[in-house]
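Counting from 582, one number per residue, gives the positions in the sequence shown under our numbering. Think of the CB as a built atom: it goes at the ideal place given N, C-alpha and C, for glycine as much as any other residue. The model shown is predicted, which means the values in this text are computed figures rather than measured ones.
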Amino acid sequence: HVGRSSIIKFTYHDALVFKDTTITGELLTLFEPMRTMPVICVGPAHLAGLGRALSFPRYTHVDIHPTEAITHRDRTLAQLRALLSAEPLASEPKVVLFQAGSLSWWLMHRTWPQARRAHFVDLGRTLDLWFPDVVKMQPWFRADRDAIVRNMGLSKLYR
Numbered sequence: 582h583v584g585r586s587s588i589i590k591f592t593y594h595d596a597l598v599f600k601d602t603t604i605t606g607e608l609l610t611l612f613e614p615m616r617t618m619p620v621i622c623v624g625p626a627h628l629a630g631l632g633r634a635l636s637f638p639r640y641t642h643v644d645i646h647p648t649e650a651i652t653h654r655d656r657t658l659a660q661l662r663a664l665l666s667a668e669p670l671a672s673e674p675k676v677v678l679f680q681a682g683s684l685s686w687w688l689m690h691r692t693w694p695q696a697r698r699a700h701f702v703d704l705g706r707t708l709d710l711w712f713p714d715v716v717k718m719q720p721w722f723r724a725d726r727d728a729i730v731r732n733m734g735l736s737k738l739y740r
């Protein structure tokens, strides 16, 4: 906690907070409550299999274009808004995961007013952990590969 007085305190996390929790395995605790909720993931095509990998029974993937996601952002926004407004999803708590770079914030900003029961979480490239061919060359993963694989329980994927 950082603060100027004992009354005002806040927790500051840098952009690596989720990647750092992969080294200790603490990221797994974030996924436990999600297994009881609908989960929407906005990201590249390979994340279509994330729901199966993480045992999310109510998982929906919104694909983003691999090289021109910003150009196609209005289409992505329309897809996400349609999902968030459809019943029964609209009236229940849900999680929206993002791996879409700067498009993530743009989408969150435009969908939050209609999806106040949604938890928006931008996990960045940490979601790639369940896709060894995608993550294997990323410097953050290579630097701590052994600890991440061990503590995240991914040994079967990385034999």
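Residue i - DSSP class collapsed to helix/strand/coil
| i | result |
| --- | --- |
| R662 | helix |
| L678 | strand |
| G630 | helix |
| I729 | helix |
| R585 | Only weak support exists for where R585 lies, its pLDDT of 42 falling under 50; the coordinates are left without a value. |
Burial state of residue i, where buried means 16 or more other Cβ atoms lie within 10 Å
| i | result |
| --- | --- |
| S685 | buried |
| L597 | exposed |
| G630 | exposed |
| T603 | buried |
| D727 | exposed |
Proximity below 8 Å, CB of residue i to CB of residue j
| i | j | result |
| --- | --- | --- |
| L688 | L661 | yes |
| R639 | P619 | yes |
| V676 | M733 | no |
| I729 | A681 | no |
| R691 | L665 | no |
Residues near residue i by beta carbon distance below 6 Å, same chain, minus five either side
| i | result |
| --- | --- |
| L635 | F612 |
| F712 | H627 |
| V623 | V643, F679 and A681 |
For residue i, the nearest candidate out of the options (CA to CA)
| i | options | result |
| --- | --- | --- |
| P694 | G632, Q719, A671 and L704 | A671 |
| H700 | F637, P647 and F679 | F679 |
| T641 | H653, A667 and T648 | A667 |
| P674 | L664, R697, R691 and D714 | R697 |
Contacting residues, own chain, Cβ-Cβ under 8 Å from residue i (five flanking each side not counted)
| i | result |
| --- | --- |
| V716 | R706, D709, L710 and F722 |
| S586 | Below a pLDDT of 50, predicted positions are generally treated as unreliable, and S586, at 43, falls in that range; no measurement from the model is reported. |
Residue-level contact to chain B via CB, residue i, 8 Å cutoff
| i | result |
| --- | --- |
| I604 | This model lacks chain B altogether; it includes just one protein chain. |
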